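J.: Got a structure for you, written out below as structure tokens; questions coming shortly.
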Ligand SMILES: C[S@@+](CC[C@H](N)C(=O)[O-])C[C@H]1O[C@@H](n2cnc3c(N)ncnc32)[C@H](O)[C@@H]1O
Ligand code: SF4
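In our numbering, the protein residues as written are -4 to 454.
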């Protein structure tokens, strides 16, 4: 795939990642406890009926200079135990509002670094979930791990705790790059680690995270990293574009001093990775994810049944409304969002007082729910059939279209640039257009124009 530097310049503007609609910067502090409880109660009648659980573990041994996540240093570890106890208490408070017949299809531990805390506490927390909720037959139990903290014993403990999906932050195999961003390499040789994760059990999937656009990275170096990744044959792989938001994450300023790659270099790294991964048989999913062709996400994309939440892509089988626990965690319910306090100490204090530790949230109007579904369709499946989607949503195609900005001039410009095909009955993003799908989604979004300055650039 060839993408001209003119196109890259033209579309390299701040746009949301649309992990939610509306994006999290629209959430409001005036969201109340009553709003939260109403959303929880109404979620029992909502769709999908399944439950997805997200547990945020904010602690890390040290902070990587690029990090955009809600993470904090673990220090002496004094907060860890009280934090896990607070998470259990929050789960009990929220579970009281959830219909006991609804099954859990997905659990995701993210962070921060869930494997930075004693794994006995993670095992205990997982058992607590199994005792609190009903589960579908083969739920997905996922954990994000920093491989610098994974030895053979840790892998055994996590598998014993019933985890079956492991997401490992590799970022780059080049140790100089890792040193520049304040990060340790994998404790075990990666091939040995993957083999042990997969050993002896059916249905374990391994995902590897990479990043491009970090100081010192070059197109040739990133290509070497991708070649090494392909040899490991992970089930899934993500190449994240480094999101530079120093106004939100002050530690990222350090990377400006070390010299960030130019935009055209960054795009060239992505394209070279994309080429190598496709050539090796990986199927691109959404913005930056790749899966083996036999993966259920590949099948879901073919049938235009791919879904997505804050935790990543999912299929109809595992998709659920997301109930999230822990500091900064965002619940993603049918009629709105609620986010917990970001500071772990504030979170622990509020929970110990029996108070739901809300930071902010958002109650969706009927129109916003419909717009969100359109945005999700284009971001996940790269295709909108207006009649089919409107029937699924129970509205007329005319009403659905009237809620969006369908500016003929803008659509025609995307089409002229080879990014989009469209007619009155459909929109289809081309393979080239998938690189700019955030721009296409933003052009449809009536709420986008007023918030442009708050997002990272699309490349
Ligand atoms: C919570 S971390 C993964 C788990 C673990 N803490 C680790 O670092 O290995 C999730 C992933 O987000 C990605 N990430 C973090 N900061 C980012 C940023 N500023 N831009 C793009 N991706 C980022 C990294 O690839 C990272 O592996
Ligand atoms: S990338 Fe992972 S290990 Fe590094 S600071 Fe962020 S959450 Fe922690």
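Beta carbons are placed, not taken as given, at the ideal position from N, Cα and C, and that holds for glycine. All figures in this text were calculated on a predicted structure; none of them were measured in a lab.
Shorter than 7 Å, the distance from the beta carbon of residue 455 to the closest heavy atom of ligand 1, or not?
T.: The structure shown does not extend to residue 455, since the chain is modelled only from -4 through 454, so no value can be given for it.
J.: Distance check for residue 216 and residue 460, CA to CA, integer angstroms please.
T.: Absent from the structure is residue 460, since the part of the chain shown begins at -4 and ends at 454.
J.: Nearest by alpha-carbon distance to residue 260: which of 213, 268 and 278 is it?
T.: Here the question's residue 260 lines up with position 265 in the chain shown. Considering only alpha carbons, the answer is 213.
J.: Between the alpha carbons of residue 293 and residue 15, how many angstroms are there, rounded?
T.: Here residue 293 corresponds to residue number 298 of the chain shown, with the count starting at 1. Here residue 15 corresponds to residue number 20 of the chain shown, with the count starting at 1. Taking the straight line from one Cα to the other gives about 22 Å.
J.: Just to confirm, is the Cβ distance from residue 146 to residue 183 under 8 Å?
T.: For this step, residue 146 is matched to residue 151 along the chain shown. For this step, residue 183 is matched to residue 188 along the chain shown. Contact: yes.
J.: Which residues in the same chain have their Cβ closer than 8 Å to the Cβ of residue 235, if we skip the five residues on either side of it in sequence?
T.: Counted from its first residue, the chain shown places residue 235 at position 240. Excluding positions up to five away in sequence, the list reads 204, 205, 206, 207 and 283.
J.: Please find out if some non-hydrogen atom of ligand 2 comes closer than 7 Å to the beta-carbon of residue 198.
T.: Counting from 1 along the chain shown, the entry for residue 198 is found at position 203. No; taking the cut-off as 7 Å, the Cβ of residue 198 has no heavy atom of ligand 2 nearer than that.
J.: Kindly examine ligand 2 and report whether one of its heavy atoms sits closer than 7 Å to the Cβ of residue 178.
T.: Taking the chain shown and counting its residues from 1, the one referred to as residue 178 is at position 183. Yes, since a heavy atom of ligand 2 falls inside the 7 Å radius drawn around the Cβ of residue 178.
J.: Is residue 235 near ligand 1, judged by its Cβ being under 7 Å from some heavy atom?
T.: Position 240 of the chain shown, counted from the first residue, corresponds to residue 235. Under cutoff, so the answer is yes.
J.: Can you tell me whether residue 240 is buried or exposed? The criterion is at least 16 other CB atoms within 10 Å of its CB, across all chains shown.
T.: The residue you call residue 240 lines up with position 245 of the chain shown. Under this definition residue 240 is an exposed residue.
J.: What did DSSP end up calling residue 174 once you bin it into helix, strand or coil?
T.: On the chain shown, residue 174 is found 179 positions in, with the first residue counted as 1. Note: residue 174 maps to helix in three-state DSSP.
J.: Per DSSP, what are the beta-bridge partners of residue 280 in this structure?
T.: Numbered from 1 along the chain shown, position 285 holds the residue referred to as residue 280. For residue 280, which the question treats as bridged, DSSP gives the partners 284.
J.: Under a criterion of Cβ closer than 6 Å to any non-hydrogen atom of ligand 2, which residues qualify, in chain order?
T.: Result: 55, 58, 59, 62, 64, 66, 106, 107, 108, 141 and 164.
J.: Which residue from 387, 422 and 333 puts its Cα closest to that of residue 18?
T.: In the chain shown, residue 18 corresponds to position 23, counting from 1. Residue 18 has its Cα closest to that of 333, out of 387, 422 and 333.
J.: Check the C-beta distance from residue 50 over to residue 321 and give it rounded, since I have them as a contact under 8 Å.
T.: To locate residue 50, count along the chain shown from 1; it is residue 55. To locate residue 321, count along the chain shown from 1; it is residue 326. At roughly 6 Å, the Cβ-Cβ gap stays under 8 Å, so residue 50 and residue 321 are in contact.
J.: Helix, strand or coil for residue 424? Go by DSSP, reduced to three states.
T.: Here residue 424 refers to the residue found at position 429 when the chain shown is read from its first residue. Correct three-state label for residue 424: strand.
J.: Ordered along the chain, which non-local residues of its own chain (more than five positions away) have a Cβ less than 7 Å from that of residue 78?
T.: Taking the first residue of the chain shown as 1, we reach residue 78 at position 83. For residue 78, where only same-chain residues beyond five positions count, the Cβ hits under 7 Å are 339 and 343.
J.: Classify residue 133 as buried or exposed, calling it buried when 16 or more other Cβ atoms lie within 10 Å of its own Cβ.
T.: On the chain shown, residue 133 is found 138 positions in, with the first residue counted as 1. Exposed, by the Cβ-count rule.
J.: Is DSSP giving residue 354 helix, strand or coil here?
T.: For the purposes of this step, residue 354 is identified with residue 359 of the chain shown, where counting begins at 1. Reduced to three states, the DSSP call for residue 354 is strand.
J.: Whole angstroms is fine: what's the gap from residue 443's alpha carbon to residue 193's?
T.: If you number the chain shown from 1, residue 443 lands on position 448. If you number the chain shown from 1, residue 193 lands on position 198. One C-alpha to the other measures close to 43 Å.
J.: Just list the alpha helix (DSSP H) runs in the segment 117 to 179, keeping only unbroken ones of 4 residues or longer that don't cross its boundaries, in chain order.
T.: Runs of the alpha helix (DSSP H) inside the segment 117 to 179: 147 to 155 and 170 to 175.
J.: If we count the other Cβ atoms within 10 Å of its Cβ and call it buried at 16 or more, is residue 354 buried or exposed?
T.: Looking up residue 354 in the chain shown gives position 359. That one is buried.
J.: Mind checking whether residue 359 and residue 398 have CB atoms under 8 Å apart?
T.: Counting from one through the chain shown, the residue named residue 359 turns up at place 364. Counting from one through the chain shown, the residue named residue 398 turns up at place 403. No, the pair does not count as a contact, with Cβ atoms beyond the cut-off.
J.: For residue 164, does the count of other Cβ atoms within 10 angstroms reach 16, so buried, or fall short, so exposed?
T.: Mapped onto the chain shown, residue 164 falls at position 169. Buried is the call here.
J.: Pull up the DSSP beta-bridge partners for residue 303, would you.
T.: Position 308 of the chain shown holds residue 303. Partner(s): 308.
J.: Whether or not the segment 103 to 113 and the segment 49 to 67 are in contact is what I'm after, with contact meaning three or more pairs of Cβ atoms, one per stretch, closer than 8 Å; do they touch?
T.: With a cut-off of 8 Å, the segment 103 to 113 and the segment 49 to 67 count as touching, because enough Cβ pairs lie within range.
J.: Between the alpha carbons of residue 143 and residue 169, how many angstroms are there, rounded?
T.: Mapped onto the chain shown, residue 143 falls at position 148. Mapped onto the chain shown, residue 169 falls at position 174. Each residue's alpha carbon lies about 14 Å from the other.
J.: Using only CA atoms, which one of 232, 61 and 94 lies nearest to residue 174?
T.: One-based indexing of the chain shown puts residue 174 at position 179. For residue 174, the nearest C-alpha among the options comes from 61.
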